[in-house]
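Structure first, then comments.
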Amino acid sequence: MSVAYQNLLVYYLSGTGNALTASRWMVEQAASKGIHAQLIPVDRTKTPVVPELHGRTLIGFCFPTHGFGIPWFMLKFIWRFPKIKNSKVFISNTRAGSKLSKVFLPGISGMAQWIPLLILLLKGYGIKGLLPLDMPSNWISVHPGYKAKVVNSMFVRNHAIIVRCMEALLSGKRFYHYYVFATLPLDVALAPIMLGYQMYGRFLFAKMFIATDKCNGCGICFEKCPVRAIRMYGAKPYWTLNCESCMRCISICPERAIQASHLMATLIIIATTMLPVYLLIFDFFGSLPRMVFTSLDFFLEWGIKLLLYVMVYFVVWIFLRYKIISLLFEYTSLTRYWRGYKAPNTSAKDYIPKRKKI
Ligand SMILES: Cc1cc2nc3c(=O)[nH]c(=O)nc-3n(C[C@H](O)[C@H](O)[C@H](O)COP(=O)(O)O)c2cc1C
Ligand code: SF4
Ligand code: SF4
Numbered sequence: 053m054s055v056a057y058q059n060l061l062v063y064y065l066s067g068t069g070n071a072l073t074a075s076r077w078m079v080e081q082a083a084s085k086g087i088h089a090q091l092i093p094v095d096r097t098k099t100p101v102v103p104e105l106h107g108r109t110l111i112g113f114c115f116p117t118h119g120f121g122i123p124w125f126m127l128k129f130i131w132r133f134p135k136i137k138n139s140k141v142f143i144s145n146t147r148a149g150s151k152l153s154k155v156f157l158p159g160i161s162g163m164a165q166w167i168p169l170l171i172l173l174l175k176g177y178g179i180k181g182l183l184p185l186d187m188p189s190n191w192i193s194v195h196p197g198y199k200a201k202v203v204n205s206m207f208v209r210n211h212a213i214i215v216r217c218m219e220a221l222l223s224g225k226r227f228y229h230y231y232v233f234a235t236l237p238l239d240v241a242l243a244p245i246m247l248g249y250q251m252y253g254r255f256l257f258a259k260m261f262i263a264t265d266k267c268n269g270c271g272i273c274f275e276k277c278p279v280r281a282i283r284m285y286g287a288k289p290y291w292t293l294n295c296e297s298c299m300r301c302i303s304i305c306p307e308r309a310i311q312a313s314h315l316m317a318t319l320i321i322i323a324t325t326m327l328p329v330y331l332l333i334f335d336f337f338g339s340l341p342r343m344v345f346t347s348l349d350f351f352l353e354w355g356i357k358l359l360l361y362v363m364v365y366f367v368v369w370i371f372l373r374y375k376i377i378s379l380l381f382e383y384t385s386l387t388r389y390w391r392g393y394k395a396p397n398t399s400a401k402d403y404i405p406k407r408k409k410i
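Taking the working numbering, I'd label the letters of the sequence shown as residues 53 to 410.
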């Protein structure tokens, strides 16, 4: 097979190792054909770093699907990505595949590919490939992780898909997985849910994380977070709204001290939907001219809700130092009973090196 590129760059974001593994396979495939291939994590990167390149380059972006869309951090990365001469791109999103008996079922991309595609097109890139990959779901705050046997069979299947895709891409052909177009109407219909996830859902999921009294303050979660969302206060992790719910911290905590607290989520939902302060505020604005109220309404409500997320979380976080409260929140977290998820052959060592505590 003749190769159409001299370089392959794969930029990836990965919470629990699915996108990392897929990106590794892409790079291995290119390297085996003598192409200069590099794997570049986007973790904590504000300004995209592009190595010096000679010759034609294929650039891949690989990331998990979150809330029928692309993780906010990855979206910002692609938004800032420069136009590189003599290069083409492909987009690959890993998503929540599943397996029913012997049948593999796909996850749902929603806008995860369409939004970056649009941005990259506007930057002037030619899009050579679109590849959704149905990897095991890592969304363990909403369901248990899969059994090892199922996980392994999904990995074998995805490896074969990636080999086929890279063969085509590296020889200069296009590779658009048929799913991408078959599910387009559904993807578009899910756009409002993606918007809701970006505005509310991701912050709610971020504020579900707690460290129980099993936490020994080792700081690994803090050191390995791809978006610096964890602060350490008095050797206890505190999750900020920056959290992307990538599930990395919960999957690598050596003490299994992190839970996605369903009691916390319930309290936050109650606070945001039923707090009397809401009624007072709306009553107050109700007395203003209708126009003023309507223009402020949406952003004000959004801001108040996020403030309530933070306030409820902060109060609970303070009380978590008491063993009884910690136990209450631990035992009402479904993640306490569910199987976790981490891609096979990945570990905390695969992510960002140590940094100083702040
Ligand atoms: C917060 C969150 C939201 C998710 N939303 C979706 C989704 O909308 N559609 C989907 O197919 N998978 C969804 N998933 C599953 C992941 O995209 C999937 O497991 C992915 O392969 C994880 O990749 P990673 O291990 O590289 O992070 C979600 C997972 C999480 C944690
Ligand atoms: S990795 Fe686990 S034990 Fe270590 S600080 Fe984080 S929550 Fe605590
Ligand atoms: S805090 Fe945990 S779940 Fe949130 S972005 Fe960081 S590593 Fe991922």
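C-beta atoms are modelled at their ideal positions from N, C-alpha and C, and glycine is treated no differently.
Given the structure is predicted, the values throughout are model-derived calculations rather than measurements.
Subject >> Per-residue DSSP class, three states only, for residue 409 >> reply: Residue placement at residue 409 is flagged as unreliable, the pLDDT there being 46, under the threshold of 50; a coordinate-derived value is accordingly withheld.
**OP:** Return the CA-CA distance between residue 119 and residue 390, expressed in angstroms with no decimal places.
**Re:** 21 angstroms
Original post:
Cβ atoms of residue 67 and residue 116: under 7 angstroms apart, would you say?
Top reply: yes
**OP:** Under the assumption that residue 136 contacts residue 111 (Cβ atoms under 8 angstroms), give the Cβ distance between them as a whole number of angstroms.
**Re:** 7 angstroms
Subject >> Same chain, Cβ closer than 7 angstroms to residue 400, five either side skipped, listed in chain order >> reply: 272, 276 and 304
Original post:
How close, in whole Å, do the beta carbons of residue 148 and residue 189 come, if the pair is a contact with beta carbons under 8 angstroms?
Top reply: 3 angstroms
Original post:
Going by beta carbon distance, what residues of the same chain come within less than 6 angstroms of residue 364, once the five residues before and after it are set aside?
Top reply: 319, 320 and 323
Original post:
How many Å lie between residue 263 and residue 359 at the Cα?
Top reply: 21 angstroms
Original post:
Any heavy atom of ligand 2 closer than 6 angstroms to the CB of residue 278?
Top reply: no
Subject >> Buried versus exposed, by CB contacts within 10 Å (16 or more), residue 157 >> reply: exposed
**OP:** Enumerate, from N- to C-terminal direction, the unbroken alpha helix (DSSP H) stretches of 4 or more residues contained entirely within the stretch 100 to 139.
**Re:** 124 to 132
Original post:
Do the stretch 199 to 218 and the stretch 124 to 138 meet, that is, are 3 or more Cβ pairs less than 8 angstroms apart?
Top reply: no
Subject >> Close beta carbons around residue 317, own chain, < 6 angstroms, minus the five adjacent residues each side >> reply: 260
**OP:** Pair every Cβ in the stretch 84 to 93 with every Cβ in the stretch 53 to 73, then say whether three or more of these pairs are closer than 8 angstroms.
**Re:** yes
Original post:
Residues in its own chain within less than 7 angstroms of residue 221 by CB, not counting five upstream and five downstream?
Top reply: 110, 142, 180, 181 and 227
**OP:** Just the C-alpha distance for residue 200 and residue 356, rounded to the nearest angstrom, thanks.
**Re:** 42 angstroms
Original post:
Closer than 6 angstroms: is that where the CB of residue 286 sits relative to any heavy atom of ligand 2?
Top reply: no
Subject >> For residue 173 and residue 407, the rounded distance between their alpha carbons >> reply: Any reading at residue 407 must be qualified, since the residue scores a pLDDT of 46, below 50, and its modelled position is unreliable; no value is offered.
**OP:** Could you spell out the range, first to last residue, of the alpha helix (DSSP H) harbouring residue 245?
**Re:** 243 to 248
Original post:
Whole-angstrom Cβ separation of residue 297 and residue 351, contact assumed at under 8 angstroms?
Top reply: With 8 angstroms as the limit, residue 297 and residue 351 do not qualify as a contact, their Cβ atoms being about 23 angstroms apart.
Original post:
Regarding residue 421 and ligand 3, is the C-beta to nearest heavy atom distance less than 6 angstroms?
Top reply: Outside the shown range of the chain, which is 53 to 410, sits residue 421, and nothing can be said about it.
Subject >> Contact set for residue 268: own chain, Cβ-Cβ below 7 angstroms, skip 5 residues either direction >> reply: 307
Original post:
Three-state secondary structure (DSSP) at residue 240?
Top reply: helix
**OP:** Starting from residue 472, follow the alpha helix (DSSP H) in both directions and report where the run begins and ends.
**Re:** Outside the shown range of the chain, which is 53 to 410, sits residue 472, and nothing can be said about it.
**OP:** Pick out the complete alpha helix (DSSP H) segments inside the stretch 266 to 296, 4 residues or longer, and give them in chain order.
**Re:** 272 to 276
Subject >> C-alpha gap between residue 397 and residue 75, whole angstroms >> reply: 14 angstroms
Original post:
Do you know how far the Cα of residue 286 is from the Cα of residue 410?
Top reply: Here the model assigns residue 410 a pLDDT of 39, short of 50, so the residue's position is not dependable and the matter cannot be decided.
Original post:
How many Å lie between residue 57 and residue 195 at the Cα?
Top reply: 41 angstroms
Original post:
With respect to 6 angstroms, is the separation between the Cβ of residue 80 and the closest non-hydrogen atom of ligand 2 below this value?
Top reply: no
**OP:** Taking only the alpha-carbon atoms, compute the straight-line gap between residue 280 and residue 54 and give it to the nearest angstrom.
**Re:** 42 angstroms
Original post:
Any heavy atom of ligand 1 closer than 6 angstroms to the Cβ of residue 146?
Top reply: yes
Original post:
Between residue 130 and the rest of its own chain, which residues show a CB-CB distance below 8 angstroms, the 5 nearest in sequence each way excluded?
Top reply: 113, 122, 168, 171 and 172
Subject >> Neighbourhood of residue 229 by C-beta, 7 angstroms cutoff - its chain only, sequence neighbours within 5 removed >> reply: 182, 183 and 184
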